[in-house]
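What follows is a set of notes on a single structure, which appears directly below.
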Amino acid sequence: MSEEFNFQLRSGEQPPILPNTRPMMTERRQSVPVHSMSRSESLAPASRPHSIMSTGSAGSRDRHTLVAKYLQRRCSAAKWLQPIEEENGTINESSWVGVAMRLPDGSYYTEPPNVDNNFYTVMQYLGCKVAFTMSSDITAALMDQIGPFQTEVQVHPRGIRLPIVQNLSELAYGGTGVSKKSYLCVLREERLVLIWNESVESIMTHGADVEGILVGLIWGSHIGTMTATSPYASMTPPIGQTPGQTPGRTPSAISEDPEFNEKMNIVQAAIEREENKDTIFNPDIEAAAPPERPFLLLHAGVIGFAMTLVVFVEMLCASRLITEYQWDGGVLRFALVAVIPFFASFSLFFMIVIAGSLFQLFGPLTYVRKNSQFYSAKPPKRGRYPDLELPHITIQMPVYKEGLKGVIIPTVTSILAAIRYYEAQGGSASIYVNEDGMQAVDPELCEARKTFYELNNIGYCSRPKHTHSKKKWYQGKKVQDNPEGFQRKGQFKKASNMNYCLSFSIRVEDELLRLIAAKSAAEDRPEGGITPDEEDVLYKQALATCLEQDEGRTMAGGNVRIGDIILIIDSDTRVPEDCLLLGALEMHESPQVAILQHASGVMQVAHNPFENGSKYFL
288 MSEEFNFQLR SGEQPPILPN TRPMMTERRQ SVPVHSMSRS ESLAPASRPH SIMSTGSAGS
348 RDRHTLVAKY LQRRCSAAKW LQPIEEENGT INESSWVGVA MRLPDGSYYT EPPNVDNNFY
408 TVMQYLGCKV AFTMSSDITA ALMDQIGPFQ TEVQVHPRGI RLPIVQNLSE LAYGGTGVSK
468 KSYLCVLREE RLVLIWNESV ESIMTHGADV EGILVGLIWG SHIGTMTATS PYASMTPPIG
528 QTPGQTPGRT PSAISEDPEF NEKMNIVQAA IEREENKDTI FNPDIEAAAP PERPFLLLHA
588 GVIGFAMTLV VFVEMLCASR LITEYQWDGG VLRFALVAVI PFFASFSLFF MIVIAGSLFQ
648 LFGPLTYVRK NSQFYSAKPP KRGRYPDLEL PHITIQMPVY KEGLKGVIIP TVTSILAAIR
708 YYEAQGGSAS IYVNEDGMQA VDPELCEARK TFYELNNIGY CSRPKHTHSK KKWYQGKKVQ
768 DNPEGFQRKG QFKKASNMNY CLSFSIRVED ELLRLIAAKS AAEDRPEGGI TPDEEDVLYK
828 QALATCLEQD EGRTMAGGNV RIGDIILIID SDTRVPEDCL LLGALEMHES PQVAILQHAS
888 GVMQVAHNPF ENGSKYFL
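Numbering-wise (my numbering), the sequence shown opens with residue 288 and increments by one.
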């Protein structure tokens, strides 16, 4: 990501809020049925949006209302708030079209004031900073192309999925499974597109990008330029590098001749397949099942050749002894045969290096560009599994006393970019920080770390600090000054830290399952009938119970639950944006695989002279 953070805590300052991408607990069970009637009664706003603005300072209220009116004028000037044209041709002056902005007190201001109640409830459900409903001739044309039972539209080849819901009321009460980080939703009955963002400054550029996406869907190929402030910008290369784009072909150069456009589409499709043949799935020439992964014997051949060299060299030594015995008949020299196994062990490493170098110089190299049983050179193709429900991935990151600004924030920024990419494909992910330094640093730094994790919806768990023991000169073993202290045992503290946090997560999960079973039995309903909101409440109870059982030894917060797949990274790691998606697809293609290890080629992180020199020679 291009965003940089200048993080330096002073007295009274709060850590920065990174772009929020972690799905809440309510998003993890999208298949749970939701009773919209009971939820509508509890979620319905007590009053109109404008009447809730009584709290907060008048200056802050005026500032937000001024910006909301300004955005409403800008959207109107861009023809994004036009009256909705029904299928029968009548014009509907709908109360769904407008702009909404969150106020400092958590309520929402809408412009114009007479928006529908469901629009306000949707804003409360999404919890975003700003949103507007797009209604234009482009959205009207898009609605004519959407099928009556279609639930999503995939933008090819970018892989972005545009969710489609039946109406605004269905979205308002969370029964659609739409991720809060989709930033876009198509409403079928209202015939408009709902767009939201976490940044007021970038909502207009985000709207322009969405408009380009919709035009591309109607036209058949992408038209427009991505902007750096769009939520999708980190997932798509610049327009000059977009796969399948014909050089020199701009939107203004599109011909009105249908025959010419049809031929150009064929050319663009061919170029796209040629440039992205390793990532785009072609059902016409490729099988639905992934290709077989052969078991390669090349490495076994290298080791076998190295062993042959070892035996040959050692036999030369033995033949030398036999030759000398024939000269003088002395048998004492045969005692040197006892050291041959030791020499063979030492020479094996050098022979493997020699054999490997010879194979690299004169042997085949195509195996490093093909998938085999224990090696993946080509990533899985997303198009092969269009209906695959991507699993929830937990990014587990152990942390000790690394700096918040120099280490943790850049790593989290890299992870959030990967989470955004994964969520755009329909998956969900969360970050679980195993904080081994939170209780070992100063209270101010501890509070800063905790605030940073809470503001960015990051789950964390911290075990007690290590209680040092002193060894008396007259005693053969250590004695502990504090009998009630905590000993971080083990030679590898990072592994014991992760085991402690995983054990705590399992305890929370067991307590949550117990609470769900008890609630279902008390209300005489199946366990699968628990709504996401109820599950979220029970999870907080389970977390509080486990923390109380530890009697203050453990500090934890956020989502500490473990998903179907765990990605383990260090605190100073930069991950590729597509690593979560490719890892999930790799696990789906090879269910027998338990562990995947990414071969990192990053040589420069701190850009110091040592790293620069290593990169130059390597």
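Ideal Cβ positions, reconstructed from N, Cα and C, are used throughout, including at glycine.
So, residue i versus residue j, is the Cβ gap smaller than 8 angstroms?
i       : j       : result
Ser-807 : Glu-814 : yes
Glu-689 : Asp-823 : no
Arg-736 : Leu-691 : yes
Leu-504 : Val-402 : no
Leu-479 : Met-421 : yes
Val-847 : Cys-748 : yes
Ile-482 : Ala-418 : yes
Phe-705 : Pro-863 : In the sequence on display, residue 705 carries Ala and not Phe. Yes, the Cβ-Cβ distance between Ala-705 and Pro-863 is below 8 angstroms.
Ile-682 : Leu-854 : yes
Val-589 : Ala-631 : no
Ile-934 : Ile-803 : No statement about residue 934 is possible, as the shown extent of the chain runs from 288 to 905 and does not include it.
Trp-383 : Gly-494 : no
Ile-718 : Val-699 : yes
Arg-830 : Val-795 : In the sequence as presented, Arg is not what sits at residue 830; that position holds Leu. Yes; because the gap between Cβ atoms is below 8 angstroms, this pair is in contact.
Ala-282 : Ile-553 : A query on residue 282 cannot be resolved here, the shown segment of the chain reaching from 288 to 905 and no further.
Lys-976 : Gly-434 : One cannot answer for residue 976 here, as it falls past the ends of the chain, which runs 288 to 905.
By Cβ distance, which residues of its chain are closer than 7 angstroms to residue i, with the 5 residues on each side in sequence left out?
i       : result
Glu-476 : Gln-453, Asn-454
Val-907 : Because the chain spans 288 through 905 in this model, residue 907 falls outside it and cannot be assessed.
Ser-469 : Pro-450
Gln-369 : Ser-422, Ser-423
His-351 : Met-388, Leu-390, Tyr-396
Lys-827 : none
Using DSSP's beta-bridge definition, name the partner residues of residue i.
i       : result
Pro-907 : No statement about residue 907 is possible, as the shown extent of the chain runs from 288 to 905 and does not include it.
Glu-266 : Residue numbering for the chain in the displayed model covers 288 to 905; residue 266 lies beyond these limits and cannot be assessed.
Val-440 : Leu-449
Trp-483 : Ala-418
Ser-749 : Met-842
Ser-659 : Tyr-662
Leu-854 : Ile-682
Cys-472 : Leu-481
Ser-790 : Looking at the DSSP assignment, Ser-790 forms no beta bridge with any residue, so it has no partner.
Ala-716 : Ile-680
Could you pull out every residue in the same chain whose Cβ sits closer than 6 angstroms to the Cβ of residue i, ignoring the five residues on either side in sequence?
i       : result
Ala-805 : none
Ala-557 : none
Phe-582 : Gln-660
Gln-359 : Val-386, Glu-398
Arg-389 : Tyr-395, Lys-416
Ala-428 : Ile-505
Leu-458 : Val-409, Val-452
Arg-580 : Asn-658, Ser-659, Gln-660
Going straight from the alpha carbon of residue i to that of residue j, what length do you get?
i       : j       : result
Gln-484 : Ile-745 : Note that residue 484 corresponds to Asn in the displayed sequence, not to Gln. Approximately 20 angstroms, taken between the alpha carbons.
Ile-882 : Pro-578 : 20 angstroms
Leu-471 : Gly-393 : 21 angstroms
Arg-361 : Ala-355 : 10 angstroms
Val-386 : Thr-426 : 17 angstroms
Asn-743 : Asn-895 : 30 angstroms
Gly-850 : Lys-902 : 36 angstroms
Thr-832 : Gln-778 : 31 angstroms
His-885 : Lys-665 : 13 angstroms
Ala-622 : Phe-649 : 40 angstroms
Pro-667 : Phe-599 : 44 angstroms
Ser-486 : His-875 : 36 angstroms
Ser-456 : Tyr-412 : 11 angstroms
Met-684 : Leu-789 : 12 angstroms
Tyr-357 : Ile-500 : 24 angstroms
Ser-701 : Ile-627 : 53 angstroms
Thr-492 : Gly-693 : 30 angstroms
His-586 : Ser-634 : 18 angstroms
Gly-616 : Phe-629 : 26 angstroms
Only counting the same chain, and skipping five residues up and downstream in sequence, which positions put a Cβ closer than 8 angstroms to that of residue i?
i       : result
Ala-331 : Residue placement at Ala-331 cannot be trusted, given a pLDDT of 35 that sits under 50; what the coordinates show is reported in the next sentence. So the list reads Asn-404, Thr-408, once near-sequence residues are dropped.
Ile-852 : Pro-678, His-679, Ile-680, Thr-681, Gly-870, Ala-871, Met-874
Answer yes or no: does any C-beta atom of chain C fall closer than 8 angstroms to that of residue i?
i       : result
Phe-599 : Structure shown: chain C not included; a single protein chain is present.
Are at least three pairs of beta-carbons, each pair with one atom in the segment 780-788 and one in the segment 696-712, less than 8 angstroms apart? Contact fails: fewer than three Cβ-Cβ distances are below 8 angstroms.
Is the segment 868-878 touching the segment 732-749 in the sense that three or more CB pairs, one from each, lie closer than 8 angstroms? With a cut-off of 8 angstroms on Cβ pairs, the segment 732-749 is not in contact with the segment 868-878, counting fewer than three such pairs.
Determine, using beta-carbon pairs with one atom in the segment 595-608 and one in the segment 652-667, whether at least three such pairs fall under 8 angstroms. By the Cβ rule, the segment 595-608 does not count as touching the segment 652-667, because fewer than three pairs are nearer than 8 angstroms.
The segment 638-646 contacting the segment 841-848, beta-carbon criterion three pairs below 8 angstroms: Fewer than three Cβ pairs drawn from the segment 638-646 and the segment 841-848 lie within less than 8 angstroms of each other, which leaves the two stretches out of contact.
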